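Numbering (the working numbering), first residue to last: 79 to 388. Even for Gly, the Cβ is constructed at its ideal location relative to N, Cα and C. Bear in mind that the values here come from a model prediction, so they are computed numbers and not experimental data. Each remark here refers to the structure printed beneath this line.
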């Protein structure tokens, strides 16, 4: 069952290294690039380059280069016409060898804002106009889980799907929201609407929940409950004061202690379809036929959120 991303959300899952691909729609203000991966146990360095073109001599608008070399630091720079500019350094290492990480580049009008594992790390001013940046290049001592371009436009050569098939994201994105999270679905839940939840499961986590709720009654059209202590993902409904029958079977369980996840929950006419890290994990048939009454998304429990769009 193929994963089809919603417009404005362009993910690549488990990409191989070196990763060197065009940025969908090119770089623009308001775009965020999420990189989830694992640093090598023997990591010495890796880099993320925002490049003007793709050739070996291409200008580099932003070079982000963590280095484990005895004086652990992150080096930041540009390269124009084959010449490196003035290095900026931060003698602080936000990455740990062998540990999962989430690295976010937020593109603002006058600088890139770098966030690592939810913590602001650095702001690097534009030296080359961001509109000239066309490619993202990642390589080094790491393993990539996913790269997501959020807020940009699909690439010109990407063939659009017919409108009835396209999933949609209608609400504004929320970055690093606190837990518990309570988000309102403006206009209620509609068919083809996609809810995106990106987060991290702490090493000591036991359980968390994602609820699709009818605010006026407290009914839950869909209750998703990853239970780390049981190694299961429980789904259910809560209607008219009663829990329904639990469902537990999944094609695979993406939730584990110390792991990041990227969840896409899509509402169809007869069921929810849920994907994690680009893979389909389960369907949940509607038990609340008037699913349009769902107007809230709740997230509670042992989870750290980095991005939610409803």
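Outcome for residue i when other beta-carbon atoms lying within 10 angstroms are tallied against a minimum of 16
{"i": "residue 115", "result": "buried"}
{"i": "residue 272", "result": "buried"}
{"i": "residue 291", "result": "buried"}
{"i": "residue 221", "result": "exposed"}
{"i": "residue 184", "result": "buried"}
Rounded straight-line distance, which links the Cα of residue j to that of residue i
{"i": "residue 367", "j": "residue 130", "result": "50 Å"}
{"i": "residue 150", "j": "residue 171", "result": "6 Å"}
{"i": "residue 112", "j": "residue 302", "result": "24 Å"}
{"i": "residue 205", "j": "residue 108", "result": "18 Å"}
{"i": "residue 190", "j": "residue 229", "result": "15 Å"}
{"i": "residue 281", "j": "residue 335", "result": "4 Å"}
{"i": "residue 164", "j": "residue 157", "result": "9 Å"}
{"i": "residue 122", "j": "residue 143", "result": "10 Å"}
{"i": "residue 362", "j": "residue 383", "result": "23 Å"}
{"i": "residue 331", "j": "residue 375", "result": "22 Å"}
{"i": "residue 321", "j": "residue 227", "result": "38 Å"}
DSSP state of residue i mapped onto helix, strand, coil
{"i": "residue 370", "result": "helix"}
{"i": "residue 208", "result": "helix"}
{"i": "residue 272", "result": "strand"}
{"i": "residue 323", "result": "coil"}
{"i": "residue 150", "result": "coil"}
{"i": "residue 94", "result": "coil"}
{"i": "residue 169", "result": "coil"}
{"i": "residue 383", "result": "strand"}
{"i": "residue 333", "result": "coil"}
{"i": "residue 175", "result": "coil"}
{"i": "residue 289", "result": "strand"}
{"i": "residue 132", "result": "coil"}
{"i": "residue 258", "result": "coil"}
Residue i - partner residues in DSSP beta bridges
{"i": "residue 164", "result": "BP columns for residue 164 are empty, so no partner."}
{"i": "residue 218", "result": "124"}
{"i": "residue 363", "result": "349"}
{"i": "residue 341", "result": "275 and 354"}
{"i": "residue 303", "result": "312"}
{"i": "residue 184", "result": "110 and 191"}
{"i": "residue 198", "result": "193"}
{"i": "residue 224", "result": "91 and 114"}
From the options, residue whose alpha carbon lies closest to that of residue i
{"i": "residue 95", "options": "197, 258 and 224", "result": "224"}
{"i": "residue 349", "options": "195, 314, 320 and 159", "result": "314"}
{"i": "residue 329", "options": "346, 338 and 311", "result": "311"}
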